[in-house]
Amino acid sequence: MEKEKTMYQALALIGGFLETYAYTCRDHVFANAQTGNIIKIGIAVAQYQFEDVLRYLLPVCAFVAGILCALRLQSADCILLTEGILLLATGTIPQGIYKNDLDNVLISFLCAIQMEHFRTPATTVCTGNLRILSEQLACRRFAQAGRYGNVLFLFISGTILGVLFTKYLGEKSVWILILPLCAALRVHRSMTALARIEKAREMQ
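In terms of our numbering, the sequence shown opens at residue 5 and continues consecutively.
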């Protein structure tokens with residue numbers, strides 16, 4: 005349980021960082037959750053700004069593709085390794101209007117596969133976690149509330165780090181996320197190994 009908690013903390017840090025990275029470094033697009041982009045599509049249509057419709061539609065489509073990909077991959081190892089490849093690719097794309105669109109597609113895809121596979125608590129968005137935190141507090145389930153509060157804290161910490169690192173390192177700042185990603189991968193493999201050992205003992 006403690007190992008799983010550590011893994012979700014690392015993933016929440018990544019989720020928060022990517023949200024502010026995309027917003028501050030890649031033309032104010034929300035790459036994690038797609039509510040903001042869908043709203044911006046509606047605004048663009050209402051204002052006849054059809055070029056912006058395509059711009060905000062691309063990350064939405066990438067998000068859908070990411071969900072479908074995660075359903076096929078299933079393995080957490082594959083998900084995390086794919087995230088690592090996407091992070092490395094993201095940092096190589098220089099800033100620029102069309103290049104930012106490509107980068108936001110990659111980030112939306114990355115966040116989608118993370119959101120689909122690592123569902124509870126959520127590590128790329130906050131609203132659901134905030135709702136559950138409030139419910140657990142109301143029911144005086146403080147241990148569960150603490151779990152969700154901790155993930156929210158790590159997400160916010162990631163957003164702060166995203167702003168600071170992006171300010172000084174630009175598009176390459178995203179490479180710093182390889183560290184928490186490697187930590188999450190290591191913890192997951194440790195959990196898998198322990199589960200296999202316990203299963204082997206039960207079969208004896």
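Built from N, CA and C at the ideal position, the CB exists for glycine as well. Only a predicted model underlies this, so the values are computations on that prediction, with no experimental measurement involved.
Residue i, enclosing alpha helix (DSSP H) - first and last residue
i   : result
R34 : For the sequence presented, residue 34 should be read as Phe rather than Arg. Taken as a continuous stretch (DSSP letters only), F34 belongs to no alpha helix (DSSP H), as it is neither H nor E.
C82 : A80 to T96
C65 : F54 to L77
I18 : E6 to C29
DSSP state of residue i mapped onto helix, strand, coil
i    : result
T170 : helix
G100 : coil
Q51  : coil
R193 : helix
Under 7 Å between C-beta atoms of residue i and residue j
i    : j    : result
L156 : A149 : no
A4   : I83  : Outside the shown range of the chain, which is 5 to 208, sits residue 4, and nothing can be said about it.
Q13  : L158 : yes
L58  : I45  : no
L114 : L90  : yes
T24  : G166 : yes
L22  : I111 : yes
P63  : N36  : no
M11  : H192 : yes
8 Å contact criterion, which residue i and residue j should meet: CB distance rounded
i    : j    : result
P125 : Y152 : 5 Å
K176 : G95  : 5 Å
G20  : S161 : 7 Å
A188 : L15  : 6 Å
I97  : L85  : 20 Å between Cβ atoms; not a contact.
For this session: Quick one: which unbroken alpha helix (DSSP H) runs of 4-plus residues sit fully inside the segment 109-177? Chain order, please.
Result: Listed in chain order, the complete alpha helix (DSSP H) runs (minimum 4 residues) inside the segment 109-177 are 131-142 and 146-173.
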